[in-house]
Amino acid sequence: MKKLLTVEIAEGLGNQLFMYAHAYSLSKKLNYEIQIDNTSGYYKTKNKLRDHQKYMLNYFNIEQDLAPLNYRYDNSFKRSKKKFQLLLDKFIKKKNFLIEKNIKINGKKIAQATSDFDYNNLSDSVYIQGNYEDYTNFDFLRKDLIRMFKPLNQYLTKNNQIINKLINTNSVSIHIRQNKFTEQLHEKKDNLKILKSKIFTESLIEYVNKSVSFFENNIKDPVFFIWSNDFINLEKYFNKKKFVFVTGNDSINDFNLFSYAKHFIVGGSTFHWWGAYLNENPHKICVYPSNINPSGNNNFYPTYWKKI
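Numbering that gives the first Met the number 0 puts the first residue of the sequence shown at 0, with every later residue one more than the last.
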């Protein structure tokens, strides 16, 4: 009988790629087959916080082995059943669920290290849930991920003007995430969340400006390309004579454009993190902020990237 991993895919594109990469690495380490639950993570309205928060792995070169209905938890009855199964799982030796836990340390949520898991105690059919934003899980399979995480051609609109600029300049890719705490469609935009979003964006912009200075001092004639989920007011921080604003694309085409950049200023976006990680320029420089980590995982940023 084959061993089977069912991975729940949820949230936005960057997180989806982390979820699949972790499950894929486990399937290789433990000799399990992998199937995707692409509905349970989007069962409730609160799970669809943003316009792009939907299943998107079908846009990539990933085998779409989708889980049968009896392996999913995408209605009220199945969710109740899952609670009971999770309770039982505590008392049996061979675990049927592998769920990432967050541990509070000094008031901050930190993701449980995957090295703490006992993979010897897994059953032959395991359901995986969690972000698992730890690059050490799958770094040994980076070549596989580069191949699988390429967008399919039928979804691409070749933006040759931008592609040529990225290829023919010392291009540096930047992503500015705005409205981090106020983009949820179902939640009231209270003043505290508006303030938190403002502080996050201002902190990110301060880091980006430091990183721009770093690249200006360390590479010849850098050209800075800015992507964002919201370009409103960015011109007052970034002069368009010095920066190229990359606008008008959907998330898949933006993701594809990252592959043509030479270097990266990685900030508060898992989406952009993957663009930097998968980029195949052997001489790329990736920098990341010392004070911003959008993940609860201590191994979010690769150690071979430069901290600023």
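Don't be surprised by glycine CBs; every beta carbon is placed ideally from N, CA and C. Predicted model only: the values in this text are computed from it and were never measured.
**Message:** I need the straight-line Cα distance from Gln-177 to Ile-204, nearest angstrom please.
**Reply:** 10 Å
**Exposed unless 16 or more other CB atoms sit within 10 angstroms - verdict on Ala-275** = It is buried - the Cβ of Ala-275 has at least 16 other Cβ atoms within 10 Å.
**Expected contact under 8 Å - CB spacing of Ser-26 and Glu-32 to nearest Å** = 7 Å
**Asked** What's the call for Asp-253, buried or exposed, on a 16-neighbour Cβ count within 10 Å?
**Response** buried
**Prompt:** When the Cα atoms are used, what is the spatial distance from Tyr-379 to Pro-67?
**Reply:** Residue 379 lies beyond the residue range present for the chain, which begins at 0 and ends at 307; the question has no answer from this structure.
**Item:** Cβ neighbour criterion (16 or more within 10 Å) applied to Leu-151
**Value:** exposed
**Message:** What does the alpha-carbon distance come out to for the pair Asn-30 and Leu-121?
**Reply:** 12 Å
**Item:** Beta-carbon proximity check, Leu-256 vs Asn-158, cutoff 8 Å
**Value:** yes
**Prompt:** What residue does the beta strand (DSSP E) around Gln-34 start on, and which one ends it?
**Reply:** 32-36
**Message:** Here's the rule I'm using: 16 or more other beta-carbon atoms within 10 Å means buried, otherwise exposed. How should Lys-261 be labelled?
**Reply:** buried
**Request:** Go to Gln-128, then tell me how far its alpha helix (DSSP H) extends in each direction, as first and last residue.
**Result:** No alpha helix (DSSP H) holds Gln-128; the beta strand (DSSP E) holding it covers 121-128.
**Asked** Is there contact between the stretch 90-99 and the stretch 122-138, where contact requires at least three CB pairs shorter than 8 Å?
**Response** yes
**Alpha carbon of Tyr-310 to alpha carbon of Tyr-19, nearest angstrom** = Look at the range of the chain in this structure, 0 to 307, and you will see that residue 310 is not part of it.
**Request:** Use the C-beta contact count for Arg-71: other C-beta atoms within 10 angstroms, 16 or more gives buried, fewer gives exposed.
**Result:** buried
**Request:** Return yes when the Cβ of Val-245 is within less than 8 Å of the Cβ of Trp-226, no when it is not.
**Result:** yes
**Request:** Classify Met-0 as buried or exposed, calling it buried when 16 or more other Cβ atoms lie within 10 Å of its own Cβ.
**Result:** exposed
**Cβ shell of Arg-78 (< 6 Å), same chain only, five flanking positions each side left out** = Tyr-72
**C-alpha distance - Phe-263 paired with Asn-169, whole-angstrom precision** = Across the structure, Phe-263 and Asn-169 are spaced so that their CA atoms are roughly 11 Å apart.
**Cutoff 6 Å; reference Ala-22; Cβ partners in own chain excluding five residues on either side** = Only Leu-4, Val-6, Ile-33, Ile-127 meet the Cβ criterion.
**Message:** Assuming Gln-63 and Gly-11 are in contact, meaning their beta carbons sit under 8 Å apart, how far apart are those beta carbons, in whole angstroms?
**Reply:** Not quite, the Cβ-Cβ distance comes to about 19 Å (not below 8 Å), so this is no contact.
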